[in-house]
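Anchor point for the sequence shown: position 24 equals 92 in our numbering, and the numbering is continuous, going up by one each time.
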Amino acid sequence: MRNELVGEIQEIILAIGEEQKYSLIIDSTTITYYTRTNIIDITGEVVRRYNEKRNSW
69 MRNELVGEIQ EIILAIGEEQ KYSLIIDSTT ITYYTRTNII DITGEVVRRY
119 NEKRNSW
């Protein structure tokens, strides 16, 4: 079940990355240090698309 969920979320993240032409998308929990310059948080968009996908089944 968890692997299926992770796979679905990864597909959504890949689609957003391709659409927006991002060079890199990373999970913020793996970062030790960063400055807040030019950061785009796509969490809300990922959740919205995931919910849309789940509701269409």
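Even for Gly, the Cβ is constructed at its ideal location relative to N, Cα and C.
Which value, in whole angstroms, describes the spacing of the CA atoms of residue i and residue j?
{"i": "I77", "j": "I107", "result": "20 Å"}
{"i": "G85", "j": "S91", "result": "8 Å"}
{"i": "M69", "j": "R122", "result": "14 Å"}
May I ask whether a heavy atom of the ligand GDP can be found less than 7 Å away from the beta carbon of residue i?
{"i": "I107", "result": "Absence of the ligand GDP from the depicted structure is noted, as is the absence of any ligand whatsoever, leaving it without description."}
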